[in-house]
Amino acid sequence: MITITNIKRVGSDKTESVTIEGGLIKGWNLPEEGQVIDGQGGTVAPALIELHAHLREPGQTEKEDLASGLAAAAAGGYGTVVSMPNTSPVVDDPAIVRSLIEKAAGLGFARLRPAAALTKGQKGEELAELTYLKEAGAAMFTDDGRTNENARTLRLGLETAGSLGMVISVHAEDASLRADGVMNEGPVSEALGLPGNPASAEAARVARDIEIVAGLHAQGVPARLHIQHLSTARALDLVRAAKAQGLPVTCEVCPHHLTLTDEALRSFDAIFKVAPPLRTQADADHLLEGLRDGSVDCLATDHAPHTRAEKERDLLDAPSGIAYIELAFPLMYTRFGETLGLDRILDLMTAAPARVMGWAEPTLDAGQKADLVVLDLSTERPVNPADFKSKAKFTPWAGETLKGWPVLTVVDGRVAYQR
Amino acid sequence: MGSHPRHLLDFQDWTPERLTAILDNADTMLQVLDRPVKKVPALQGLTVCNAFFENSTRTRTSFELAARRMSADVLTFAAGASSVSKGESLRDTMEVLTSYKVDAYIVRHHAAGAAHLVARYSGKPVINAGDGRRAHPTQALLDAYTIRQEYGSLEGKTVAIIGDIRHSRVARSNAELLPKLGAKVVLCGPAPLLPAGLGALPGVTLTTDPREAVRGAHAVMALRLQRERMSGGFLGSLQEYADTYQVNETLMQEAESGAVVLHPGPMNRDLEISGDTADGPRSRILKQVENGQAIRMSVLYHLLVGRN
């Protein structure tokens, strides 16, 4: 049993306490029992949910592993993490899904819900055994990291996954339009002499995938498509139009696409190399508007750790990705607390991802699962990558002063992180 | 004159005055090259590292001679035969080279921005000898110098650059440098090889029409058509390209009467430039090579000695 004292529920000024027992919230303001933890006056919310993280296990544990990645997630206030299947080997086998869940459960950090590959080996050709993968505990299906070039395979996958009540999430990018692009195509890429990845590569693929869903929807076939890490204004407008037609299409946006632009590449620092690439300020503004008006469904980080040596290569050779699951909430709250409001940011990182997945929305009510985070919304402190639990101890925001740091994360009634 | 840039990576930090000083100093270097003993002691005791992560013979030779003529020791590092091909990171490679007590680096790399990374990791002056499509500043300086030899100044001059602009670091560096020295630049090529984004640079205009590009130009530069790009579907055929964009005597009739012809080399004769134009009285192509050595001597002097 745990009692957390000296906390405030979101939207309330009242100092309260919560008691946790058997993995559930027992009740509020009960007599203190068991281990008593001082919440330091922080604000309590349901633990955050991440739909898009690369934990690199199995096979790439020099970049990250379940222990470091899930500890990093807990430090970032996350209670649940959906990991991407582009590991080595690919997560396309029910035995791998089971072993990941089992191992993660023993670690005591954030809860792992692995995504499984949509196609065998993520090759985009033959569907994986989606039924067995779901039985093994896969949270969703995706070939993330690959771009679903074969439209028919995606269509078959949507039909199968839809019949299983599962979501397919996609890295929506036309590989032939992207070509060898390593950054957003535009005046900056041209001035820097770096091959550009045009906004149309994303929009064209989003349009194609929406048409597939629309076709299935018209035939009464249930199919749910989630578009990952949307980066362009144009693609968001396509999602908006699809939603207006009532199509079951959702999308996520990453904080790095809101807070950084292609101008950052002028440093030639591969830390800013991500896929899809950092776009323009106009794109970032448009995405922010989408978060405000509800056309963007949720936030996700696309936590993508690499080794320092890999990121110290030149921009053509370095891999794509930023790892910052520990910073996502403080970054969003510091930069957009005033424009979006605390409630909306928390919704985008807790209930909204649950809705996308078709999971029950988390609440702090008695009887609910004890997954919660206590946030210190006022203390400002600089980002120090040396403190990261992630193996990727570097970040574009190093030294930046942020507020909204998690001080306590509880998962399944256990303390998963405490500062 | 403004602060003294530590590196020559591109022209971003360089004022027109500093750039003009490099060109002025090249006059002196040309005189050195005309002497029976073509050597001065300016860089005696210093070690210059030619760090070539990408193949190059002409540029490497030009830099190497420039450094030797100023009495520097030259360490040549060719990455093809080195640990870079075994996966060593650029940073690790640079740390090894730094331990040899090198005083300056000349860097050629296939990736844009690599020279910037070397500057960050090495702590010593870096001269960019070509990084991907990004920049080749000493080439642009020697082009500017060659045009200035004709007209005395770049002020009010128009330079047309024709060819595969998209993949050309020479075009990008000239588009950055020449407007700083008062010239206008017209970039011209088939639309897929002419990125619209470059039109945002000050003093630069774009056109797909070579006659329009050359009209009123004081210098016309043909760029090498990178045949390996053909696989990307950028062009219908080499013949189509040559018929439309070749710099030849017919096209040059549109230019100013005394206009000169440049080419950064190596040339595809009778493809991007006709043989008779390359060898004709307007051609300054060999002059460019000679000037290249003087410019590189001047840059080395400026970065290693002139700042003190």
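So the sequence lines, in the order shown, correspond to chains A and B. Under our numbering, the first residue of the first sequence is numbered -10, with each subsequent residue one higher. Under our numbering, the first residue of the second sequence is numbered 263, with each subsequent residue one higher. By construction, the Cβ of each residue, glycine as well, lies at the ideal position given by its N, Cα and C atoms. Bear in mind that the values here come from a model prediction, so they are computed numbers and not experimental data.
### Query
Should the stretch 23 to 31 of chain A be called in touch with the stretch 303 to 310 of chain A, which here means at least 3 C-beta pairs below 8 Å?
no
### Task
On a CA-only basis, which of Glu278/A, Leu316/A and Gly347/A is nearest Thr290/A? Give me that one, please.
Taking the first sequence and counting its residues from 1, one reaches residue 290/A at position 301. Of the candidates Glu278/A, Leu316/A and Gly347/A, the one whose C-alpha sits nearest the C-alpha of Thr290/A is Leu316/A.
### Query
Would you report the Cα separation of Asp226/A and Ile314/A, rounded to the nearest angstrom?
Position 237 of the first sequence, counted from the first residue, corresponds to residue 226/A. Position 325 of the first sequence, counted from the first residue, corresponds to residue 314/A. Going by the C-alpha atoms only, they are around 27 Å apart.
### Query
Tell me which same chain residues have a C-beta within less than 7 Å of the C-beta of Pro441/B, skipping the five on either side of it?
One-based indexing of the second sequence puts residue 441/B at position 179. Closer than 7 Å at Cβ, skipping near neighbours: Val447, Pro464, Gly465 and Val466.
### Task
Give a yes or no on whether the C-beta atoms belonging to Arg45/A and Ser351/B are separated by under 8 Å.
Within the first sequence, the letter at position 56 stands for residue 45/A. Within the second sequence, the letter at position 89 stands for residue 351/B. Ser351/B is positioned such that its CB atom lies no closer than 8 Å to that of Arg45/A.
### Contacts around Glu162/A, its chain only, beta-carbon distance under 7 Å, and the 5 residues preceding and following it disregarded
Taking the first residue of the first sequence as position 1, residue 162/A is located at position 173. Cβ within range, chain order: Thr136, Ala190, Glu191, Arg194 and Pro265.
### Message
Please state whether the Cβ-Cβ distance between Ile216/A and Val228/A is less than 8 Å.
### Response
Along the first sequence, read from residue 1 onward, the residue named residue 216/A stands at position 227. Along the first sequence, read from residue 1 onward, the residue named residue 228/A stands at position 239. Yes, they are a contact pair.
### Query
Does the stretch 366 to 379 of chain A come close enough to the stretch 49 to 64 of chain A to have 3 or more Cβ pairs within less than 8 Å?
yes
### Message
Measuring straight from C-alpha to C-alpha, what distance separates Asn317/B and Leu404/B?
### Response
The residue labelled residue 317/B in the question sits at position 55 within the second sequence. The residue labelled residue 404/B in the question sits at position 142 within the second sequence. In a straight line, the C-alpha of Asn317/B is about 21 Å away from that of Leu404/B.
### Reduced DSSP category for Leu5/A - H, G, I as helix; E, B as strand; rest coil
Taking the first residue of the first sequence as position 1, residue 5/A is located at position 16. At residue 5/A the sequence reads Glu, which differs from the Leu that was named. Here Glu5/A sits in strand by DSSP.
### Query
Going by alpha carbons, who is nearest to Glu39/A out of Thr328/A, Lys382/A, Ala293/A and Asp365/A?
Position 50 of the first sequence, counted from the first residue, corresponds to residue 39/A. Minimum Cα distance to Glu39/A is reached at Ala293/A.
### Query
Any idea which residues DSSP pairs Ser545/B with across the strands?
Numbered from its first residue, the second sequence carries residue 545/B at position 283. Answer is Val523/B, bridged to Ser545/B.
### Contact under 8 Å by Cβ, Asp471/B with Arg431/B
Against the second sequence, residue 471/B aligns to sequence position 209. Against the second sequence, residue 431/B aligns to sequence position 169. Not in contact: Asp471/B and Arg431/B (Cβ atoms no closer than 8 Å).
### Task
Let me know if Asp541/B comes out buried or exposed under the rule of 16 or more other beta-carbons within 10 Å of its beta-carbon.
Counting from 1 along the second sequence, the entry for residue 541/B is found at position 279. Burial call: exposed.
### Task
Note down, in chain order, each residue of its chain lying with its Cβ closer than 7 Å to the Cβ of Lys300/B, except the 5 sequence neighbours on either side.
As a working note, residue 300/B is residue 38 in the second sequence. Answer for Lys300/B: Val294 and Arg331, listed in chain order.
#### Entry: Closest by C-alpha distance to Ser333/B, when choosing among Gln401/B, Leu305/B and Phe325/B
Here residue 333/B refers to the residue found at position 71 of the second sequence. Nearest of Gln401/B, Leu305/B and Phe325/B to Ser333/B, Cα basis: Leu305/B.
### Query
Within this structure, are the beta carbons of Ile423/B and Leu416/B separated by less than 8 Å?
Start at 1 with the first residue of the second sequence, and residue 423/B comes out as number 161. Start at 1 with the first residue of the second sequence, and residue 416/B comes out as number 154. Contact flag unset, no.
### Message
Suppose you measure from the CA of Leu420/A to the CA of Ala180/A; what does that come to, to the nearest Å?
### Response
A question about residue 420/A goes unanswered here, because the residues of chain A that appear run from -10 up to 408.
### Message
Using the three-state DSSP reduction, which class does Ser309/A fall into: helix, strand or coil?
### Response
Taking the first sequence and counting its residues from 1, the one referred to as residue 309/A is at position 320. Three-state result, Ser309/A: coil.
### Task
In angstroms with no decimal places, state the Cα-to-Cα distance between Glu22/A and Gly11/A.
Within the first sequence, residue 22/A is the residue found at index 33, counting from 1. Within the first sequence, residue 11/A is the residue found at index 22, counting from 1. Cα to Cα, the separation comes out at about 13 Å.
### Message
Quick check: what's the CA-CA separation for Pro399/B versus Ala377/B?
### Response
Mapped onto the second sequence, residue 399/B falls at position 137. Mapped onto the second sequence, residue 377/B falls at position 115. Cα to Cα, the separation comes out at about 11 Å.
### Task
At 7 Å on the CB atoms, spell out the chain A contacts of Ser351/B, in chain order.
Position 89 of the second sequence, counting from 1, holds the residue named residue 351/B. Going along chain A in sequence order, the residues near Ser351/B (Cβ under 7 Å) are Ala298, Glu301 and Arg302.
### Beta-carbon contacts of Val336/B that lie in its chain and below 7 Å, excluding the five residues immediately before and after
Translated into positions along the second sequence, residue 336/B becomes position 74. The residues are Val310, Asn312, Glu326, Ala329 and Arg330.
### Message
With a threshold of 8 Å between beta-carbons, can Gly48/A be considered close to chain B, or not?
### Response
The residue labelled residue 48/A in the question sits at position 59 within the first sequence. No, because no Cβ of chain B sits closer than 8 Å to the Cβ of Gly48/A.
#### Entry: One or two residues paired with Pro35/A in a DSSP bridge
As a first step, residue 35/A is located in the first sequence; it is residue number 46 there, counting from the start. In the DSSP assignment, Pro35/A forms a beta bridge with Leu361/A.
### Task
Kindly indicate the opening and closing residues of the alpha helix (DSSP H) around His246/A.
Within the first sequence, the letter at position 257 stands for residue 246/A. Element bounds for His246/A: Pro244 to Thr248.
### Helix, strand or coil at Ala271/A [DSSP, three-state]
Your numbering for residue 271/A matches position 282 in the first sequence. Correct three-state label for Ala271/A: helix.
### Task
Could you spell out the range, first to last residue, of the beta strand (DSSP E) harbouring Leu13/A?
In the first sequence, the residue the question calls residue 13/A occupies position 24. Where Leu13/A is concerned, the enclosing beta strand (DSSP E) stretches over Leu13 to Trp17.
### Message
Could you tell me the alpha carbon to alpha carbon distance between Trp276/B and Ala397/B, rounded to whole angstroms?
### Response
For this step, residue 276/B is matched to residue 14 along the second sequence. For this step, residue 397/B is matched to residue 135 along the second sequence. Near 14 Å, if we compare the C-alpha coordinates of Ala397/B and Trp276/B.
### Query
What are the residues of the stretch 452 to 464 of chain B that lie near chain A, defined by any Cβ-Cβ distance shorter than 9 Å?
Going along the stretch 452 to 464 of chain B in chain order, one finds Pro457, Ala458, Gly459, Leu460, Gly461, Ala462 and Leu463 with a Cβ nearer than 9 Å to chain A.
### Sequence-distant residues of its chain with Cβ nearer than 7 Å to Leu497/B (five each side left out)
Taking the second sequence and counting its residues from 1, the one referred to as residue 497/B is at position 235. The answer, listed in chain order, is Pro452 and Tyr503.
### At least three beta-carbon pairs within less than 8 Å, the stretch 242 to 250 of chain A to the stretch 315 to 332 of chain A
yes
### Query
Got a sec: is the Cβ-Cβ distance from Asp306/A to anything in chain B below 8 Å?
Indexing the first sequence from 1 puts residue 306/A at position 317. True, the Cβ-Cβ gap to chain B drops below 8 Å.
### Query
Listed in chain order, which residues of the stretch 296 to 320 of chain B have Cβ atoms closer than 8 Å to some Cβ of chain A?
Residues passing the 8 Å Cβ filter: none.
### Message
Which of the three DSSP states is assigned to Glu241/A in this structure?
### Response
Taking the first residue of the first sequence as position 1, residue 241/A is located at position 252. Residue state, collapsed to three classes: strand.
### Message
Suppose the cutoff is 8 Å on Cβ atoms and the five residues either side in sequence are ignored; what does the same chain contact list for Val86/A look like?
### Response
Within the first sequence, the letter at position 97 stands for residue 86/A. Cβ within range, chain order: Val80, Pro103, Ala105, Leu122, Ala125, Gly126 and Ala127.
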